[in-house]
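Chemist: For reference, each letter of the sequence shown is one residue, going 32 to 372 in the working numbering.
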Amino acid sequence: MATKPTTSLTKGITLFQHILAQQTQYPDATGEFGGLMAQISLAAKLISRQLAQAGLIENVLGFTGEVNVQGEAVRHLDQYANETFIRVFKDTGLVCLLASEELEEPIALSNQCPVGSYALLVDPIDGSSNIDVNVSVASIFSVQKRGADSTSGLLQPGNAQVAAGYVLYGPNTMLVYSSGYGVHGFTLDPVVGEFLLSHPNMQIPTQGEYYSINEAYSPDWQPYVRDYIEHLKGAKNRGERPYSARYIGSLAADFHRTLLTGGIYLYPPTIDKPRGKLRLLYEAAPLAFIVEQAGGRASTGIERILDIQPQALHQRVPLVIGSPTEVTLAETYAQQGTSHS
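Listed below in structure tokens is the structure:
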């Protein structure tokens, strides 16, 4: 894909129509990517249906009694979503390797992958601690060109992603993705059973009025993080537009609000987690890919997220993401704080 598609985007077209229209710009397109996105949307529909029945059927709410590779208790929906992504791609030939927050190692999904097939990295359910209280959760995904059929082949920097996106399960179900040519949002029509284009060419505002961070961890923040948050809180006293705090506790949901309204989301390092908490390959990198396509920025505070060379499948990083005005200032605080530490 060497040139940017010129296809007009019309609200109401389906996700698959949108992808097909883009593929007409490229004579060498094989259709594999369209098939991959169709299967992601199928997984999203199945997970959305399961979530809609939470509290009405068994094995949606609560825990399985197992612990995943992250050391976290596995919830029933974590398990269901993970198995759903595996099931919809098994033996399709569209995805050779699938890596997940719930799996210690990637798994091979086909023994006969054609050249040019993809690898998929997912957080099947982001924010699963919110499931039992009916708060928005999401699935986050990253698509890579197939590398070696092993973990090492997945350790690609974020700027090598073919596509990235998330599915937000809230008052409605929305799929947001980018394949490197802008960011587009599709809302699931439950009657038609299709994702329809509702948010073409999404752009993040240059500056916002919300900041999103878990302030319960403030005693464990580095001084520069506290200084930056205090700077935002003091905007009104400086005669500037005041900031308000918003924090859901579901990464993709907090990010989605930031994408639409502007502002900043931060998950900084703490004393207990000096390298950060969020996973690079299937949380930070896909959202960084999206925000940059929408005109925003994403970094650790020191380093651009998309430039980081991963060293491990489940590597964790700090994340500062959002509008360019807020993120640039946060990076200034981080760099000054680091130089003085």
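Glycine included, each C-beta is placed from N, C-alpha and C at the ideal position.
Give the DSSP-derived three-state secondary structure of residue 269 in the structure shown.
Modeler: Residue 269 sits at position 238 when you count from the first residue of the sequence shown. Looking at residue 269 - three-state DSSP - the assignment turns out to be helix.
Chemist: Taking buried to mean at least 16 other C-beta atoms within 10 Å of its own C-beta, is residue 192 buried or exposed?
Modeler: Residue mapping note: residue 192 aligns to position 161 of the sequence shown, counting from 1. Flag for residue 192 reads buried.
Chemist: First and last residue of the beta strand (DSSP E) that includes residue 353?
Modeler: For the purposes of this step, residue 353 is identified with residue 322 of the sequence shown, where counting begins at 1. Run containing residue 353: 350-353, per the beta strand (DSSP E) assignment.
Chemist: Assign residue 42 to one of two classes, buried (16 or more other C-beta atoms within 10 Å of its C-beta) or exposed (fewer than that).
Modeler: Translated into the one-based positions of the sequence shown, residue 42 becomes position 11. Exposed.
Chemist: Where does residue 203 land, buried or exposed, given buried means 16+ other C-beta within 10 angstroms?
Modeler: The residue you call residue 203 lines up with position 172 of the sequence shown. Exposed.
Chemist: Once DSSP output is grouped into helix, strand and coil, what is the label at residue 222?
Modeler: Position 191 of the sequence shown, counting from 1, holds the residue named residue 222. Residue state, collapsed to three classes: coil.
Chemist: What do you reckon, are the CB atoms on residue 149 and residue 46 nearer than 7 Å?
Modeler: The count along the sequence shown starts at 1 and reaches residue 149 at position 118. The count along the sequence shown starts at 1 and reaches residue 46 at position 15. Not closer than 7 Å, so no.
Chemist: Taking the alpha helix (DSSP H) that residue 285 belongs to, which residues open and close that run?
Modeler: As a working mapping, residue 285 is identified with position 254 in the sequence shown. 282-292 is the span of the alpha helix (DSSP H), which, as asked, contains residue 285.
Chemist: Considering only residues of the same chain and omitting the five flanking positions on each side of residue 190, which have a CB-CB separation below 6 Å?
Modeler: By one-based count along the sequence shown, residue 190 stands at place 159. 337, listed in sequence order.
Chemist: Classify residue 102: buried if its beta carbon has 16 or more other beta carbons within 10 angstroms, exposed otherwise.
Modeler: For the purposes of this step, residue 102 is taken as the residue at position 71 of the sequence shown. The residue is exposed, with fewer than 16 neighbouring Cβ atoms inside 10 Å.
Chemist: So is residue 371 buried or exposed if we call it buried at 16+ other beta carbons inside 10 Å?
Modeler: Translated into the one-based positions of the sequence shown, residue 371 becomes position 340. Any reading at residue 371 must be qualified, since the residue scores a pLDDT of 48, below 50, and its modelled position is unreliable; no value is offered.
Chemist: How would you call residue 137, buried or exposed, if buried means at least 16 neighbouring beta carbons within 10 angstroms?
Modeler: Taking the sequence shown and counting its residues from 1, one reaches residue 137 at position 106. It counts as buried.
Chemist: Figure out for me which residue from 211, 294 and 310 has the closest Cα to the Cα of residue 232.
Modeler: Your numbering for residue 232 matches position 201 in the sequence shown. Checked all of 211, 294 and 310; the closest Cα to residue 232 is 211.
Chemist: Once the 5 residues before and after residue 239 are set aside, which same chain residues still bring their CB inside 6 Å of it?
Modeler: As a first step, residue 239 must be located in the sequence shown, where it is residue number 208. Within the same chain, residue 239 has close Cβ partners 292, 293, 294 and 354.
Chemist: Indicate the three-state DSSP secondary structure (helix, strand or coil) for residue 264 in the structure shown.
Modeler: Stepping through the sequence shown from its first residue, residue 264 is reached at position 233. In this structure, residue 264 counts as helix in the three-state DSSP scheme.
Chemist: Given a threshold of 16 other Cβ atoms within 10 Å of its Cβ, counted over all protein chains shown, does residue 315 qualify as buried or as exposed?
Modeler: Here the question's residue 315 lines up with position 284 in the sequence shown. That one is buried.
Chemist: Can you tell which of 236, 162, 69 and 334 has its C-alpha closest to the C-alpha of residue 108?
Modeler: Working through the sequence shown from its first residue, we reach residue 108 at position 77. Minimum Cα distance to residue 108 is reached at 162.
Chemist: Could you check which residue in 97, 236 and 283 has the C-alpha nearest to that of residue 170?
Modeler: Taking the sequence shown and counting its residues from 1, the one referred to as residue 170 is at position 139. Out of 97, 236 and 283, 283 has the C-alpha closest to the C-alpha of residue 170.
Chemist: Would residue 313 and residue 173 be called neighbours here (beta carbons separated by less than 7 Å)?
Modeler: Position 282 of the sequence shown, counting from 1, holds the residue named residue 313. Position 142 of the sequence shown, counting from 1, holds the residue named residue 173. Against a cut-off of 7 Å, the Cβ pair of residue 173 and residue 313 comes out as a contact.
Chemist: Please state whether DSSP places residue 174 in a helix, a strand or coil.
Modeler: Stepping through the sequence shown from its first residue, residue 174 is reached at position 143. Residue 174: strand per DSSP, three-state reduction.
Chemist: Which parts of the region 308-335 are runs of the alpha helix (DSSP H), unbroken and 4 residues or longer, counting only runs that do not cross its ends?
Modeler: Taking only runs of at least 4 residues, the alpha helix (DSSP H) segments lying wholly in the region 308-335 are 316-324.
Chemist: Check each candidate in 300, 76, 205 and 75 and name the one with the smallest Cα separation from residue 351.
Modeler: For the purposes of this step, residue 351 is taken as the residue at position 320 of the sequence shown. Measuring from the Cα of residue 351, the nearest candidate turns out to be 300.
Chemist: CA-CA distance, residue 366 and residue 243?
Modeler: If you number the sequence shown from 1, residue 366 lands on position 335. If you number the sequence shown from 1, residue 243 lands on position 212. The straight-line gap from Cα to Cα measures roughly 20 Å.
Chemist: Leaving aside the five residues before and after residue 48 along the sequence, list all residues of the same chain whose C-beta is less than 6 Å from its C-beta, in chain order.
Modeler: Taking the first residue of the sequence shown as position 1, residue 48 is located at position 17. Cβ neighbours of residue 48 beyond the five flanking positions: none.
Chemist: Taking just the CA atoms, how far does residue 175 sit from residue 36?
Modeler: Walking along the sequence shown from the start, residue 36 turns up at place 5. Walking along the sequence shown from the start, residue 175 turns up at place 144. Caution is warranted here: a pLDDT of 42 is assigned to residue 36, below 50, making its placement in the model unreliable, and no coordinate value can be reported.
Chemist: Only counting the same chain, and skipping five residues up and downstream in sequence, which positions put a Cβ closer than 8 Å to that of residue 347?
Modeler: Walking along the sequence shown from the start, residue 347 turns up at place 316. Same-chain partners within the cutoff: 304, 306, 307, 308, 309, 310 and 311.
Chemist: Measure the CB-CB distance between residue 140 and residue 152 and report whether it falls below 7 Å.
Modeler: Indexing the sequence shown from 1 puts residue 140 at position 109. Indexing the sequence shown from 1 puts residue 152 at position 121. For residue 140 and residue 152, no; Cβs fall outside 7 Å.
Chemist: Quick check on the DSSP output: the beta strand (DSSP E) that includes residue 209 runs from which residue to which?
Modeler: As a first step, residue 209 must be located in the sequence shown, where it is residue number 178. Counting along the chain, the beta strand (DSSP E) containing residue 209 begins and ends at 204-209.
Chemist: Give me the Cα-Cα distance between residue 54 and residue 166, rounded to the nearest whole angstrom.
Modeler: To locate residue 54, count along the sequence shown from 1; it is residue 23. To locate residue 166, count along the sequence shown from 1; it is residue 135. Their Cα atoms are separated by approximately 36 Å.
Chemist: Do you know offhand how far residue 44's Cα is from residue 73's?
Modeler: The residue labelled residue 44 in the question sits at position 13 within the sequence shown. The residue labelled residue 73 in the question sits at position 42 within the sequence shown. Near 17 Å, if we compare the C-alpha coordinates of residue 73 and residue 44.
Chemist: In this structure, what does DSSP give as the bridge partners for residue 131?
Modeler: Position 100 of the sequence shown, counting from 1, holds the residue named residue 131. Residue 131 is bridged to 153.
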